[in-house]
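Peer 1: Pasting a structure here, questions to come.
In my numbering, the protein residues as written are 101 to 229.
So this is what it looks like as structure tokens:
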């Protein structure tokens, strides 16, 4: 029985299949469903969990090479909310793309984890190192 770290078996299974330079999408509550890729839905209520909380839980055991985010993220949120969202990415290379371009990358991902995050354009694509 696992006692620490990520306990969700579906998330663990998904993470075990991510290899070098593969990508994983962390989505907010409103992100569209993508039938062509596996989705693990962790959403519970608004902002539980958040994308930032998920990043914090992943970082100890998941090597992130770079992160892709929508440019719109920077302008659509209050500074305090944006700061909390980006704090989880501290020290990681962050590439901003137009939201449309970010969504074009989704079908190539190994999977998607949906959260309850209400941060506008708060979706991230993590590329493994």
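C-beta: ideal position from N, C-alpha, C; glycine also. All values derive from a computational prediction rather than experimental measurement.
To which residues of the same chain is residue 172 closer than 6 Å at the C-beta, ignoring the five residues directly before and after it?
Peer 2: Counting only Cβ-Cβ distances below 6 Å, and skipping sequence neighbours, we find 199, 221.
Peer 1: Any contact of the stretch 161 to 169 with the stretch 129 to 136, i.e. 3+ C-beta pairs under 8 Å?
Peer 2: Contact between the stretch 161 to 169 and the stretch 129 to 136 is absent, because fewer than three Cβ pairs lie under 8 Å.
Peer 1: According to DSSP, simplified to helix, strand and coil, what is residue 205?
Peer 2: Of the three classes helix, strand and coil, the one that applies to residue 205 here is helix, per DSSP.
Peer 1: Whole angstroms is fine: what's the gap from residue 213's alpha carbon to residue 139's?
Peer 2: Roughly 6 Å separates the two Cα atoms.
Peer 1: Rounded to a whole number of angstroms, what is the C-alpha to C-alpha distance between residue 136 and residue 187?
Peer 2: So the two alpha carbons sit approximately 31 Å from each other.
Peer 1: DSSP three-state label for residue 141, please.
Peer 2: Residue 141 falls in the strand class under three-state DSSP.
Peer 1: Take residue 178 as the anchor and find which of 205, 141, 219 has the nearest alpha-carbon.
Peer 2: Residue 219 is the option with its Cα nearest to residue 178.
Peer 1: Can you check whether the CB of residue 225 is closer than 7 Å to the CB of residue 168?
Peer 2: Contact: yes.
Peer 1: For residue 208, count neighbouring C-beta atoms within 10 Å of its own C-beta (all shown protein chains included) and say buried if the count is 16 or more, exposed if not.
Peer 2: Label assigned to residue 208: exposed.
Peer 1: Secondary structure at residue 197, three-state DSSP: helix, strand or coil?
Peer 2: Looking at residue 197 - three-state DSSP - the assignment turns out to be strand.
Peer 1: If I measure Cβ to Cβ from residue 48 and keep anything under 6 Å in the same chain, skipping five residues before and after, which residues do I get?
Peer 2: Since the first and last residues shown for the chain are 101 and 229, residue 48 lies out of range.
Peer 1: DSSP three-state call for residue 220: helix, strand or coil?
Peer 2: In the structure shown, residue 220 sits in coil (DSSP, three-state: anything other than H, G, I, E or B).
Peer 1: Less than 7 Å separating the beta-carbons of residue 144 and residue 216?
Peer 2: In contact: residue 144 and residue 216 (Cβ atoms closer than 7 Å).
Peer 1: Check residue 168 in the structure and name its three-state DSSP category.
Peer 2: Here residue 168 sits in strand by DSSP.
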